[in-house]
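Note sheet for the following structure.
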Amino acid sequence: MRIRQTRSPLYALLAAAALLCLPALAQVPAPAPAAPTYTPQEVGIDEKLGATIPLDLVLKGEDGQPVTLRQLIDKPTLLTLNYFRCAGICTPQLSGVAEVLNRTEAIPGKDFQVLTVSFDGRDEPEIAAQKRTNYLGEITRPFPPAAWRFLTGPDTTTRALADAVGFKFKQVDNDFVHAAAIIFISPQGKVTRYMYGTTYVPADLQMAAQEAARGEAQPTINKFLKFCFSYDPAGRKYVLNSTTMGATVIILAALAFVATLVRRGRKTKSEEGR
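Per numbering that gives the first Met the number 0, residue 0 is the first one in the sequence shown, and the count goes up by one each step.
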C-alpha cells in the first residue's frame, strides 16, 4: 500500500513566513553608532489628565517679581515648558504657538491665555522678557501682552511643575532633550488635554480651550504617534521609526499569511476525512 506523506501545516507555514521576512530584513540598514537616543520614559510625556497642578508654586515674571500659579491661572491656560537658550525644538514650537494664536477665533485674555515656563533654572527674567517681546512680535492680530507670559524659576520649582503634568526632560551638557506639547489647564488648575508637536490647528485649540473652561479632561490620540516616532536629539525633532514600522508591517503580513494557510490546511484535512 502506498503511504501518502503529509507535512505538518504549521511547519510549512512557519517556513513560508520566515522566507517572507528574509528579503525585508536583509534591507534593514545596520544602526549607525550615532548620537545617543532617549526613550519616552526619559524625555517623553506621561499624561496626567485630570490631575491638579500645584498652584502655590512661586515663579518669577518678566519683571523679576514673584507670582504664583494661583494668581496667574484664572482662565483656560495653554502651558508650554521650554528653556530660553534652546536653539532646537523650542523655537519652532513657540513660533507654532504664535502662528496658531494668529489664526484662532478664540479671544486672547478672555477665552484663554498662554504661560511659557522655562525649566532651566539658569534662565533669568531678562531673557524671559526678551523672548516674550520676540514672540509677541510674531503675532499680527490684536493681542494683549498679558495673555502670553514668559516665566522663570529655580530648578526645584519648575521640576515640580513639569512632574505634575508628566513632562520629562534630560540635561545633556549645557542643553536639554525634551518633547514639545501644549498642555491645557482649567481655571481650577486641572490638566485637561495635551496637544503634541510644533504646529497646531486653530479649531483644535479652540475646542481644547472650551474643554478646559468646563474642566473636562479629554484623552489624546497619541499612542500611534508615540509608537511610530522617536525623538532625535541631534536634529532636535521627532523622526519616523522606519525600522519599527517596517518590522511591524512584516510581522502582521506574516501572521496574516500563516493564518490563511492554517485555515486552508484545516479545510484540506476536513475534506480528506470525509
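From the three backbone atoms N, C-alpha and C, an ideal C-beta is built for every residue, glycine too.
Report all residues from its chain with a CB closer than 7 Å to the CB of residue i; omit the five preceding and five following residues, and keep chain order.
i, result
"L224", "Caution is warranted here: a pLDDT of 47 is assigned to L224, below 50, making its placement in the model unreliable, and no coordinate value can be reported."
"G63", "P124"
"T103", "P201, L204, Q205"
The beta strand (DSSP E) spanning residue i covers which residue range?
i, result
"V190", "190-195"
"L114", "112-117"
"K169", "168-171"
"R148", "147-150"
"D174", "174-177"
Leaving out five residues before and five after residue i in sequence, what residues of the same chain have Cβ atoms less than 8 Å from its Cβ?
i, result
"R69", "L54, D55, G188"
"R158", "F118"
"L93", "T79, N81, T115, K130, Y134"
Report, in whole angstroms, the separation of the C-beta atoms of residue i and residue j, which I expect to be a contact under 8 Å.
i, j, result
"G120", "D154", "4 Å"
"L58", "V116", "7 Å"
"L160", "W147", "Between W147 and L160 the Cβ distance is about 17 Å, and since that is not below 8 Å, they are no contact."
"F276", "D122", "In this structure the chain extends from 0 to 273, so residue 276 is not present and cannot be described."
CB-CB under 6 Å to residue i, same chain, minus the five flanking residues each way: which ones, in chain order?
i, result
"R235", "With a pLDDT of 42 at R235, under the threshold of 50, the predicted position of this residue should be treated as unreliable, though the coordinate-derived value follows. Closer than 6 Å at the Cβ level, and outside the excluded window around R235, lie G87, I88."
"T259", "none"
"K74", "Q112, P186"
"D45", "G165"
"A105", "F111, Q205, A208"
Please tell me whether residue i and residue j are closer than 9 Å, where the distance is taken between their beta carbons.
i, j, result
"E61", "L150", "yes"
"V66", "V176", "no"
"A207", "T191", "yes"
"V96", "T76", "no"
"E210", "A216", "yes"
"Y193", "T219", "yes"
Check for me: the alpha helix (DSSP H) holding residue i runs from which residue to which?
i, result
"K130", "124-135"
"V57", "Here V57 belongs to no alpha helix (DSSP H); instead the beta strand (DSSP E) covers 57-59."
"L204", "201-213"
Say whether the stretch 46-57 touches the stretch 132-145, bearing in mind that this needs 3 or more beta-carbon pairs closer than 8 Å, one atom from each stretch. no
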